[in-house]
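Participant: Take a look at this one; I'll ask things after.
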Amino acid sequence: MKPFDYQRARDLETAAEAAQAGGRIIAGGTNLLDLMKLQVMTPERLVDITRIPGLDRIESDGPGLRIGALVRNSDLSADMRIRTGYPVLARALLAGASGQIRNKATTGGNLLQRTRCPYFYDPAMACNKREPGAGCAAIGGVSRMLAILGTSEACRAAHPSDMAVALRALEAEVETRRADGATRRLGLDALYRLPGERPDLETTLEPGEIITAVLLPAPLPGATQSYRKIRDRASYAFALVSVAAVVRMEDARIATASLAFGGIGARPWKDPEVDAMLSGQSPSAELFVRAADRLLAQAETDEGNDFKREMTRRALIAVMREATGLAPASTGTDKAEVPA
Amino acid sequence: MSEAFKMDEAQPRLLDETGQGLIGEPLDRPEGRLKVTGQARYSAEYAPERMVHGVLVRATITRGRVTGFDDSAAQALPGYLGLFHGPRFIRNPAQGMADEAPCQPGESIDYHGQPVALVVAESFETARDAAARIVVHYDEAPGAPVAPDTGEIEENEKRKSVQGDLEAAMAGAAAVVDAEYTTAGHAAAAMEPHAAIAEWRDGRLLMHGSLQMIRFNKNELADALGVSPEAVRILAPYVGGGFGSKLGISSEHVSAALAARALERPVRVVMSRQTVFDAVLRRTETWQRLRLGADKDGRLTAIGHEDRVSNLEGEGFAEPVSAATRFLYSAPNRLIRQHISRNHRTPSGSVRAPGEAVGMFALETAMDELAEKLGLDPVELRLRNIPERHPVTGQAYTARALAESLREGAKRFGWDQRPETGSRREGEWLIGMGMAGAGRSNMLVPSAARVTLSRDGALVETDMTDIGTGSYAILGQIAGEMLGLPIDKVAVHLADSDLPGASGSGGSFGASSSGSSVFLAARKIREILAQRLGCKPEELKVSGGEVSGGGTRAKLADLLPEPISAEAKIEKGKTAESHFSAGFGAHFVEVAVSEVSGEIRVRRMLGVFGIGRVLNEKTARSQAVGGMVWGVGSALHEELGHDPRTGHIVTRDLANYHIPAHADIPRDMEVVFLPERDDQANPIQSKGIGELGISGSGAAVINAVHNATGLRLRHFPATPDKVLAGWADGR
Numbered sequence: 001m002k003p004f005d006y007q008r009a010r011d012l013e014t015a016a017e018a019a020q021a022g023g024r025i026i027a028g029g030t031n032l033l034d035l036m037k038l039q040v041m042t043p044e045r046l047v048d049i050t051r052i053p054g055l056d057r058i059e060s061d062g063p064g065l066r067i068g069a070l071v072r073n074s075d076l077s078a079d080m081r082i083r084t085g086y087p088v089l090a091r092a093l094l095a096g097a098s099g100q101i102r103n104k105a106t107t108g109g110n111l112l113q114r115t116r117c118p119y120f121y122d123p124a125m126a127c128n129k130r131e132p133g134a135g136c137a138a139i140g141g142v143s144r145m146l147a148i149l150g151t152s153e154a155c156r157a158a159h160p161s162d163m164a165v166a167l168r169a170l171e172a173e174v175e176t177r178r179a180d181g182a183t184r185r186l187g188l189d190a191l192y193r194l195p196g197e198r199p200d201l202e203t204t205l206e207p208g209e210i211i212t213a214v215l216l217p218a219p220l221p222g223a224t225q226s227y228r229k230i231r232d233r234a235s236y237a238f239a240l241v242s243v244a245a246v247v248r249m250e251d252a253r254i255a256t257a258s259l260a261f262g263g264i265g266a267r268p269w270k271d272p273e274v275d276a277m278l279s280g281q282s283p284s285a286e287l288f289v290r291a292a293d294r295l296l297a298q299a300e301t302d303e304g305n306d307f308k309r310e311m312t313r314r315a316l317i318a319v320m321r322e323a324t325g326l327a328p329a330s331t332g333t334d335k336a337e338v339p340a
Numbered sequence: 001m002s003e004a005f006k007m008d009e010a011q012p013r014l015l016d017e018t019g020q021g022l023i024g025e026p027l028d029r030p031e032g033r034l035k036v037t038g039q040a041r042y043s044a045e046y047a048p049e050r051m052v053h054g055v056l057v058r059a060t061i062t063r064g065r066v067t068g069f070d071d072s073a074a075q076a077l078p079g080y081l082g083l084f085h086g087p088r089f090i091r092n093p094a095q096g097m098a099d100e101a102p103c104q105p106g107e108s109i110d111y112h113g114q115p116v117a118l119v120v121a122e123s124f125e126t127a128r129d130a131a132a133r134i135v136v137h138y139d140e141a142p143g144a145p146v147a148p149d150t151g152e153i154e155e156n157e158k159r160k161s162v163q164g165d166l167e168a169a170m171a172g173a174a175a176v177v178d179a180e181y182t183t184a185g186h187a188a189a190a191m192e193p194h195a196a197i198a199e200w201r202d203g204r205l206l207m208h209g210s211l212q213m214i215r216f217n218k219n220e221l222a223d224a225l226g227v228s229p230e231a232v233r234i235l236a237p238y239v240g241g242g243f244g245s246k247l248g249i250s251s252e253h254v255s256a257a258l259a260a261r262a263l264e265r266p267v268r269v270v271m272s273r274q275t276v277f278d279a280v281l282r283r284t285e286t287w288q289r290l291r292l293g294a295d296k297d298g299r300l301t302a303i304g305h306e307d308r309v310s311n312l313e314g315e316g317f318a319e320p321v322s323a324a325t326r327f328l329y330s331a332p333n334r335l336i337r338q339h340i341s342r343n344h345r346t347p348s349g350s351v352r353a354p355g356e357a358v359g360m361f362a363l364e365t366a367m368d369e370l371a372e373k374l375g376l377d378p379v380e381l382r383l384r385n386i387p388e389r390h391p392v393t394g395q396a397y398t399a400r401a402l403a404e405s406l407r408e409g410a411k412r413f414g415w416d417q418r419p420e421t422g423s424r425r426e427g428e429w430l431i432g433m434g435m436a437g438a439g440r441s442n443m444l445v446p447s448a449a450r451v452t453l454s455r456d457g458a459l460v461e462t463d464m465t466d467i468g469t470g471s472y473a474i475l476g477q478i479a480g481e482m483l484g485l486p487i488d489k490v491a492v493h494l495a496d497s498d499l500p501g502a503s504g505s506g507g508s509f510g511a512s513s514s515g516s517s518v519f520l521a522a523r524k525i526r527e528i529l530a531q532r533l534g535c536k537p538e539e540l541k542v543s544g545g546e547v548s549g550g551g552t553r554a555k556l557a558d559l560l561p562e563p564i565s566a567e568a569k570i571e572k573g574k575t576a577e578s579h580f581s582a583g584f585g586a587h588f589v590e591v592a593v594s595e596v597s598g599e600i601r602v603r604r605m606l607g608v609f610g611i612g613r614v615l616n617e618k619t620a621r622s623q624a625v626g627g628m629v630w631g632v633g634s635a636l637h638e639e640l641g642h643d644p645r646t647g648h649i650v651t652r653d654l655a656n657y658h659i660p661a662h663a664d665i666p667r668d669m670e671v672v673f674l675p676e677r678d679d680q681a682n683p684i685q686s687k688g689i690g691e692l693g694i695s696g697s698g699a700a701v702i703n704a705v706h707n708a709t710g711l712r713l714r715h716f717p718a719t720p721d722k723v724l725a726g727w728a729d730g731r
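Chains A and B, in that order, give the protein sequences.
Per full-length UniProt numbering, the very first residue in the first sequence carries number 1; after that it's consecutive.
Per full-length UniProt numbering, the very first residue in the second sequence carries number 1; after that it's consecutive.
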């Protein structure tokens with residue numbers, strides 16, 4: 001680990017100034033500290049935002065909720081408003097990491113965690129994300145945990161978050177504060193970049209811009225929500241494939257469907273065309289197969305991760321069967337209970 | 001006084017007569033409280049004055065030579081003390097019981113991740129930063145074979161065993177199985193990373209080292225450093241798990257000792273988790289072909305077990321994959337062969353139950369398949385094939401609870417409720433039950449101990465280690481039982497190389513071997529007490545501070561004007577030639593398999609074992625449960641991923657190398673020890689347990705998956721994708 005300066009920010013303004021000057025924001029540190037020990041990330045200065053007041057609250061935001069960037073993953077998953085109105089989020093949170101890590105990890109930090117690609121974690125291996133232009137040792141390497149959608153010739157890394165997958169299905173937005181003090185709201189599709197030729201640039205956040213909150217829209221009345229995560233062991237493993245679904249039925253038809261996927265995408269994955277082709281249709285196995293085909297049409301796999309096609313297909317079909325009532329709901333599927 | 005004892009004949013079952021009530025009892029570990037309150041000091045947890053910190057530098061090519069080091073970027077760091085390398089550096093850890101230095105390769109590099117130098121600095125953080133700044137110059141020899149099916153493949157002649165005519169027997173059999181299997185490489189993944197603190201005092205090395213076998217390690221370290229064994233003292237009172245990975249000295253010990261000598265300061269070297277994966281001996285991946293043939297009554301006529309393992313050229317170890325196949329079942333026609341692929345992965349060595357842990361996947365899942373083909377219950381098939389004598393050596397078996405374990409296990413588990421294949425379902429979950437036999441050879445390894453009895457109690461001294469297994473507990477119980485003392489009057493001092501040399505912890509032989517030496521030393525003390533009292537030793541009773549026998553009686557304190565000290569050393573003798581001793585048992589498992597995802601969940605496990613005398617029911621049970629958990633891990637989770645180009649281990653942390661999490665292990669996990677005494681094994685009639693729990697448990701999981709799904713999975717670990725692939729293939 002390289003020596004670094006540590007600064008505790010009193011407020012967002014000083015944090016933003018320090019970040020703009022090259023400081024790296026730290027909150028729970030569950031990912032950043034590991035990367036610093038491996039010298040994958042070598043910030044000169046850490047800016048600790050955990051003492052900034054007001055960022056650790058879950059508040060009403062009109063009909064929706066505003067989740068402060070410093071709300072701990074464990075607190076968020078336990079909050080009754082989340083569990084009843086946004087069960088897919090509670091389940092996704094509990095499917096991630098371990099109890100100890102969730103106690104430290106924050107909402108904003110979870111969104112900005114780095115990939116777990118093992119080649120990114122090993123400074124002896126070429127990695128464009130770590131060192132632009134260096135090449136990608138993951139291509140042709142052990143690819144089990146790599147993405148199959150949204151990848152590029154420069155990078156095959158998958159985004160590891162469970163929480164962000166649920167947030168995409170819920171069509172959440174993030175609220176940020178720019179260095180100049182202006183705030184903006186952006187969807188997760190606008191927050192995350194695809195790797196392209198510059199996989200080191202992972203988000204559209206500007207220097208000094210800080211995520212202050214996640215904004216959840218009003219819960220969809222009567223919608224069924226589900227988070228299904230398939231992994232190599234029952235707990236404490238990143239997703240091979242995960243599916244988050246928010247589905248509302250009307251007169252035996254799918255009124256709206258919002259699906260998002262983890263473990264397969266360069267970012268928490270959502271395909272609006274998949275949602276569109278499901279909405280308005282009668283649920284059927286055939287429809288779900290076509291949705292899976294659509295989702296995977298652009299997938300690029302190799303021998304080590306080709307199984308993700310079939311696994312994704314099965315996960316999507318199973319989740320949709322349960323969400324639409326074609327199959328009995330199993331553990332992991334809830335109806336959002338929306339207060340009147 | 002010292003007694004040298006050879007196990008030439010069965011000994012009286014004295015521990016059944018002494019009546020103190022300690023032996024076998026589920027007593028707490030005496031050091032347990034120290035461990036859970038953080039007071040037990042592990043190897044890295046000392047801070048001698050002026051101590052400095054070392055971090056190992058690894059090779060980042062697979063094969064070639066180091067032509068130079070450039071540490072100019074490190075020189076800029078305040079507190080940087082230097083770079084150490086040279087001809088005494090070792091390539092990889094010593095294999096178990098090597099008793100001499102492992103390969104000292106000079107500038108040669110044989111695998112990606114090989115430690116090539118040590119950086120030392122005033123602080124750990126500076127050392128780690130400096131290590132990242134070292135530039136190593138190489139002369140690379142590209143194209144090193146790293147896949148197990150490439151490179152030079154040689155036959156291991158000493159594993160070859162041929163009886164009868166396998167091919168002819170297979171051709172004439174009523175039912176046959178002929179299948180290929182693969183198992184992934186494994187890491188021991190001990191919780192405590194490998195650690196050393198080296199300090200030279202007046203020309204003698206004091207080494208705090210996380211090690212399993214002090215008697216051997218002392219000689220290995222002395223040889224590596226070029227000093228006499230008397231100049232080396234090793235202390236390892238607490239070891240946070242070994243599982244074979246700490247059998248021999250490794251780079252942290254040698255490099256710390258070299259740097260400490262040069263700097264004249266104590267040096268601490270703790271491997272990072274990544275370095276543990278890079279540079280500690282792994283369990284080899286295996287390829288196996290298993291052939292079974294049986295007559296229509298289910299009597300085996302043919303057993304063939306061929307395997308291929310891998311290791312670096314020059315490493316003498318080859319995973320004994322067919323170990324259990326040699327002695328578990330009878331068949332007149334037998335063929336056992338092994339090939340070794342010489343590749344340039346991290347070298348392989350002993351990881352918990354070397355051989356059985358992977359070989360029994362093939363043997364015991366093939367038995368399941370054969371039973372199905374014969375229309376026979378898998379338990380019954382095994383019962384019909386229990387040999388009278390060791391099929392290869394012709395030795396008599398010692399106590400062998402295989403049949404009893406199979407029957408008792410079937411009864412307790414509700415085996416008669418086993419569903420028809422693929423017939424039981426709970427929602428999307430397919431439910432099945434499976435079983436397997438268990439066998440793991442039992443050994444007696446030379447071991448010495450000293451016991452001193454004084455008016456204050458007893459002291460047990462030996463260089464035996466406790467790697468989390470319960471050595472402190474059982475050695476105290478044996479001494480207390482023999483000398484009529486309550487457990488709190490027995491002190492146990494372990495893992496100091498200045499103490500009498502023990503077997504060390506490995507191969508499940510530690511408890512029996514070191515326990516026997518303590519028993520013999522205590523028996524010697526009993527003889528002296530009997531002499532002082534004036535009775536025959538076999539009449540002697542010691543309890544509650546009183547000694548009696550032959551009609552006389554005395555206070556124990558009165559017979560101890562001065563302490564009595566006795567040392568004993570045991571080694572195997574004639575019984576090891578006339579008899580074959582092994583632990584036996586049976587595993588029963590219930591699983592659920594998701595027909596959506598292919599995920600496998602273990603719902604129930606039962607292990608029934610005959611392990612001779614149980615020395616401490618609690619620590620023995622922990623060993624058995626631990627082994628069964630390892631079985632689950634190797635069946636479903638554990639897999640070293642090797643880069644296909646460099647061979648290096650890509651899964652080099654515990655997020656990527658999956659050992660079972662709590663959620664993978666069922667709460668309903670039962671262990672039953674059958675009452676047994678193994679009279680030919682050793683004077684305390686006990687056997688090893690630590691590795692028996694793994695042997696066959698993974699196969700029972702996989703057999704349960706077959707019962708649930710109808711799939712025959714032959715490539716392990718059986719991760720969800722392999723289940724889905726099985727369905728896609730219509731298997």
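By construction, the Cβ of each residue, glycine as well, lies at the ideal position given by its N, Cα and C atoms.
In this text the structure is predicted, and so the values were computed from the model without any measurement.
What three-state label does DSSP hand LYS2 of chain A in the structure shown?
Facilitator: Here residue 2 of chain A is taken as the residue at index 2 of the first sequence, counted from 1. DSSP, read as helix, strand or coil, puts LYS2 of chain A in coil.
Participant: Are the C-beta of PHE120 of chain A and some C-beta of chain B separated by less than 8 Å?
Facilitator: For the purposes of this step, residue 120 of chain A is identified with residue 120 of the first sequence, where counting begins at 1. Not one chain B Cβ lies under 8 Å of PHE120 of chain A.
Participant: Tell me where the alpha helix (DSSP H) around GLN623 of chain B begins and ends.
Facilitator: On the second sequence, position 623 is the one that residue 623 of chain B refers to. Counting along the chain, the alpha helix (DSSP H) containing GLN623 of chain B begins and ends at 617-636.
Participant: Kindly say whether residue 354 of chain A, judged by its beta-carbon, lies nearer than 8 Å to any beta-carbon of chain B.
Facilitator: Here chain A comprises residues numbered 1 to 340, so residue 354 of chain A is not present and cannot be evaluated.
Participant: Which same chain residues, not among the five before or five after LYS722 of chain B, have their C-beta less than 7 Å away from its C-beta?
Facilitator: In the second sequence, residue 722 of chain B corresponds to position 722, counting from 1. Hits under 7 Å: LEU713 and HIS715.
Participant: Across the region 225-239 of chain B and the region 69-77 of chain B, are there enough close Cβ pairs to call them in contact, namely three or more that are closer than 8 Å?
Facilitator: As far as the Cβ criterion goes, the region 225-239 of chain B does not touch the region 69-77 of chain B, which means the pair count is below three.
Participant: Does the beta carbon of PHE307 of chain A come closer than 8 Å to any beta carbon on chain B?
Facilitator: Residue numbering aside, residue 307 of chain A sits at position 307 when the first sequence is read from its first letter. Yes - at least one Cβ of chain B is within 8 Å of the one on PHE307 of chain A.
Participant: Write down every uninterrupted run of the alpha helix (DSSP H) in the region 107-182 of chain A whose length is 4 residues or greater and which is fully enclosed by it, in chain order.
Facilitator: 107-111 and 163-169
Participant: Going along chain A, which residues have a C-beta under 8 Å from HIS662 of chain B?
Facilitator: Locating residue 662 of chain B in the second sequence gives position 662, where the first residue counts as 1. Residues of chain A passing the Cβ test: SER235.
Participant: Please identify the residue among A:ALA223, A:ILE82 and A:LEU46 whose C-alpha is closest to the C-alpha of SER258 of chain A.
Facilitator: Counted from its first residue, the first sequence places residue 258 of chain A at position 258. Of A:ALA223, A:ILE82 and A:LEU46, the residue nearest in Cα terms is A:ALA223.
Participant: Mind checking if GLU220 of chain B is an interface residue toward chain A, Cβ cutoff 8 Å exclusive?
Facilitator: The residue labelled residue 220 of chain B in the question sits at position 220 within the second sequence. GLU220 of chain B does not count as touching chain A.
Participant: Can you tell me whether DSSP reads THR552 of chain B as helix, strand or coil?
Facilitator: The residue given as residue 552 of chain B occupies position 552 in the second sequence. In this structure, THR552 of chain B counts as strand in the three-state DSSP scheme.
Participant: So within the region 547-616 of chain B, which uninterrupted alpha helix (DSSP H) runs reach at least 4 residues, ignoring any that extend past its ends?
Facilitator: 574-578
Participant: Name the residue from B:GLY506, B:ILE153, B:LEU529 and B:GLU461 whose alpha carbon lies nearest to the alpha carbon of LYS484 of chain B.
Facilitator: Taking the second sequence and counting its residues from 1, one reaches residue 484 of chain B at position 484. The question names Lys, yet the displayed sequence has Gly at residue 484 of chain B. Considering only alpha carbons, the answer is B:LEU529.
Participant: Who are the Cβ neighbours of GLU595 of chain B in its own chain at under 7 Å, not counting the five residues just before and after it?
Facilitator: To locate residue 595 of chain B, count along the second sequence from 1; it is residue 595. Hits under 7 Å: GLU428 and LEU430.
Participant: Going by DSSP in three states, MET669 of chain B sits in which element: helix, strand or coil?
Facilitator: Here residue 669 of chain B refers to the residue found at position 669 of the second sequence. Strand, per DSSP.
Participant: Can you check whether the C-beta of ASP232 of chain A is within less than 8 Å of a C-beta belonging to chain B?
Facilitator: Translated into the one-based positions of the first sequence, residue 232 of chain A becomes position 232. For ASP232 of chain A, the answer is yes, since a Cβ of chain B falls inside 8 Å of its Cβ.
Participant: Kindly indicate if chain B contains any beta-carbon less than 8 Å away from that of ALA340 of chain A.
Facilitator: For the purposes of this step, residue 340 of chain A is taken as residue 340 along the first sequence, with counting starting at 1. Caution applies to ALA340 of chain A, whose pLDDT of 48 falls short of 50 and renders its modelled position unreliable; the value that the coordinates give is listed next. No, its Cβ sits nowhere closer than 8 Å to a Cβ of chain B.
Participant: Which ranges does the alpha helix (DSSP H) cover as unbroken runs of at least 4 residues, wholly within the region 478-544 of chain B, from first to last along the chain?
Facilitator: 510-533, all fully within the region 478-544 of chain B.
Participant: When you compare the CB of GLU13 of chain A with every CB in chain B, is at least one pair closer than 8 Å?
Facilitator: Along the first sequence, read from residue 1 onward, the residue named residue 13 of chain A stands at position 13. No, its Cβ sits nowhere closer than 8 Å to a Cβ of chain B.
Participant: State buried or exposed for THR60 of chain B, treating a residue as buried only when at least 16 other CB atoms are found within 10 Å of its CB.
Facilitator: By 1-based counting over the second sequence, the position of residue 60 of chain B is 60. With 16 or more Cβ atoms within 10 Å of its Cβ, THR60 of chain B is classed as buried.
Participant: Taking GLY696 of chain B as the reference, give the member of B:PRO660, B:ARG601, B:LEU475 and B:MET435 with the closest Cα.
Facilitator: Sequence index remark: in the second sequence, residue 696 of chain B carries index 696 (1-based). Measuring from the Cα of GLY696 of chain B, the nearest candidate turns out to be B:MET435.
Participant: Relative to chain B, which residues along the region 2-30 of chain A have a C-beta separation below 8 Å, given in chain order?
Facilitator: LYS2 and PRO3
Participant: Give me the residue from B:ILE153, B:THR325, B:GLU313 and B:PRO115 with the minimum Cα distance to PRO387 of chain B.
Facilitator: Residue numbering aside, residue 387 of chain B sits at position 387 when the second sequence is read from its first letter. Comparing Cα positions, the closest option is B:THR325.
Participant: By alpha-carbon positions, which one of B:ALA168, B:MET605, B:PHE580 and B:HIS579 ends up nearest to VAL589 of chain B?
Facilitator: The residue you call residue 589 of chain B lines up with position 589 of the second sequence. Nearest C-alpha to VAL589 of chain B: B:MET605.
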